[in-house]
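Asks: This is the structure, below, for whatever I ask next.
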Amino acid sequence: MTLSVLTMKIAVTAEGRGRNAKVDPHFARARYFRVLNLGGRGFVICNSIDARQTPHLAGTQAAGTLIGLGVQAMIVGQIGPKAFATFQAAGVRVFQAKEKTVAEAITSMQAGELPELTGANAAEHWPQT
């Protein structure tokens, strides 16, 4: 699937609400998801507290919610196999950003500098924090 990075809707796992928050390394139990429409100026910050409290399938639930919001690409630190498969089935591209802020990760993605994942890069059950 070819998408213009300039007009796509993306989501980034985030440890905080702002652009300078670090990318949260835990997809399923990320503190926040920052959803941005790169073709416009709009964004939404989703608190993922519901998924964080779910003992099982938190990644699948979070992925389903983001797919429902129309996300076409996801920036994560780590993502498990079920969440990755959910995104893959919906045609959502998944990119990895380590040790970056949300703003840095978005800039890196737009520049084509983030690696696109071809599979999960975390175990199925990430330890809860």
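So the sequence shown is numbered by this note's numbering: it starts at 176 and just counts up by one. We put the CB at the ideal spot given by N, CA and C, even for glycine.
Please name the residue, chosen from Ser-283, Gly-266 and Ala-286, that lies closest to Ala-238 on a Cα-to-Cα basis.
Replies: The shortest Cα separation from Ala-238 among Ser-283, Gly-266 and Ala-286 belongs to Gly-266.
Asks: Return helix, strand or coil for Leu-241, following the three-state DSSP convention.
Replies: In the structure shown, Leu-241 sits in a helix (DSSP, three-state: H, G or I).
Asks: Exposed or buried, which one is Lys-273 when buried takes at least 16 other CB atoms within 10 Å?
Replies: By the neighbour-count rule (16 or more Cβ atoms within 10 Å), Lys-273 is not buried but exposed.
Asks: By Cβ distance below 7 Å, which residues in the same chain neighbour Ala-295 in space, the five residues on each side in sequence not counted?
Replies: Excluding positions up to five away in sequence, the list reads Ile-254, Gly-255, Pro-256 and Phe-259.
Asks: If you check the beta carbons only, do Arg-194 and Ala-248 fall under 7 Å apart?
Replies: Contact: no.
Asks: Which of helix, strand or coil does DSSP assign to Ile-281?
Replies: Three-state result, Ile-281: helix.
Asks: Can you pull the DSSP bridge partners for Ala-248?
Replies: Note: Ala-248 sits in a beta bridge opposite Ile-185 and Arg-268.
Asks: Among Val-210, Val-251, Arg-204 and Gly-245, which has the Cα closest to the Cα of Leu-232?
Replies: Checked all of Val-210, Val-251, Arg-204 and Gly-245; the closest Cα to Leu-232 is Arg-204.
Asks: Near Ile-281, what residues of its chain come up, given a Cβ to Cβ distance below 6 Å and the 5 sequence neighbours on each side ignored?
Replies: Cβ neighbours of Ile-281 beyond the five flanking positions: none.
Asks: Report the rounded CA-to-CA distance for Leu-244 versus Thr-293, giving the unit in angstroms.
Replies: So the two alpha carbons sit approximately 22 Å from each other.
Asks: By a C-beta neighbour count over all protein chains shown, 10 Å radius and 16 as the cutoff for buried, is Pro-290 buried or exposed?
Replies: Result: exposed.
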